[in-house]
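Peer 1: Take 609 as the starting number for the sequence shown in the numbering used here and just add one per residue. By construction, the Cβ of each residue, glycine as well, lies at the ideal position given by its N, Cα and C atoms. The structure presented is a predicted model; accordingly, all values stated were derived computationally and were not measured.
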Amino acid sequence: MDESRNKVLLLEIVVVLLFFSVSAVTTLQLFAHASTLARRNALDADALVHCEDVAERLRVQEDPSALLTADAGWTAVQTTADGFSATWTPEGADYTLCVTGERVEQPGGSLWEMRVQALDAQGSLRVDLPVARYAPEGGR
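Rendered as structure tokens:
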């Protein structure tokens, strides 16, 4: 009878150990996933702030294309800024800013329609902001 109890007790201990091991692995995976999501969300927030800054600067420029020059850190042909990391430095880029758009000339002035986008390191679109600016003829 004592031998039977010992076997049952040993089996219960093994089941409890297996349960706690599975619980520990699940908890570890949960924290790892949460950490990955937090980092991705922080990068998205940084990219959004940077896109909003560029969009606002484009909106107030007299000639928005002047902002998109090599002097401002942009590649003139592609209108793509160097990538930026979480510390806002080009080294170890986590995302890249792109600006596309066109200028429509009308008799009464010109309309700039642009898009400021942030692409992650894999090229996936993370932020997309439309920007429009109307400049009346002879005015700002």
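Ignore the nearest five residues each way along the sequence and tell me which others in Q686's own chain have a CB closer than 6 Å to its CB.
Peer 2: Taking the sequence shown and counting its residues from 1, one reaches residue 686 at position 78. In this predicted model, Q686 has a pLDDT of only 40, less than 50, meaning its place in the structure is not dependable enough to derive any value.
Peer 1: Let's test the definition: count the other Cβ atoms within 10 Å of the Cβ of L625 and tell me whether it reaches 16, buried, or not, exposed.
Peer 2: What you label residue 625 is simply residue 17 of the sequence shown in a count that begins at 1. Classification of L625: exposed, given that the 10 Å Cβ count is below 16.
Peer 1: With the cut-off set at 8 Å, would you say Y703 and L727 are in Cβ contact?
Peer 2: Position 95 of the sequence shown holds residue 703. Position 119 of the sequence shown holds residue 727. Against a cut-off of 8 Å, the Cβ pair of L727 and Y703 comes out as a contact.
Peer 1: Since I believe L675 is in contact with R667 (beta carbons under 8 Å), could you give me their beta-carbon distance rounded to a whole number of angstroms?
Peer 2: One-based indexing of the sequence shown puts residue 667 at position 59. One-based indexing of the sequence shown puts residue 675 at position 67. R667 to L675, Cβ: 10 Å. No contact.
Peer 1: What residues are listed by DSSP as bridge partners for R741?
Peer 2: As a first step, residue 741 must be located in the sequence shown, where it is residue number 133. Bridge partners of R741: W720.
Peer 1: Tell me the DSSP bridge mates of A726?
Peer 2: Walking along the sequence shown from the start, residue 726 turns up at place 118. Note: A726 sits in a beta bridge opposite L705 and V735.
Peer 1: Using only the alpha-carbon positions, how far apart do L737 and A653 sit?
Peer 2: The residue you call residue 737 lines up with position 129 of the sequence shown. The residue you call residue 653 lines up with position 45 of the sequence shown. So the two alpha carbons sit approximately 13 Å from each other.
Peer 1: So, helix, strand or coil for E620, using DSSP?
Peer 2: As a first step, residue 620 is located in the sequence shown; it is residue number 12 there, counting from the start. It is helical.
Peer 1: Go ahead and label V616 buried or exposed: buried means 16 or more other beta carbons lie within 10 angstroms of its beta carbon, across all protein chains shown.
Peer 2: Indexing the sequence shown from 1 puts residue 616 at position 8. Its Cβ having fewer than 16 others within 10 Å, V616 is exposed.
Peer 1: Per DSSP, what kind of secondary structure is Q714 in: helix, strand or coil?
Peer 2: As a working mapping, residue 714 is identified with position 106 in the sequence shown. DSSP places Q714 in strand when its eight states are reduced to three.
Peer 1: So, for L656: in the same chain, excluding its five sequence neighbours on each side, which residues have a beta-carbon less than 7 Å away from its beta-carbon?
Peer 2: One-based indexing of the sequence shown puts residue 656 at position 48. Taken in chain order, the residues that qualify are V735.
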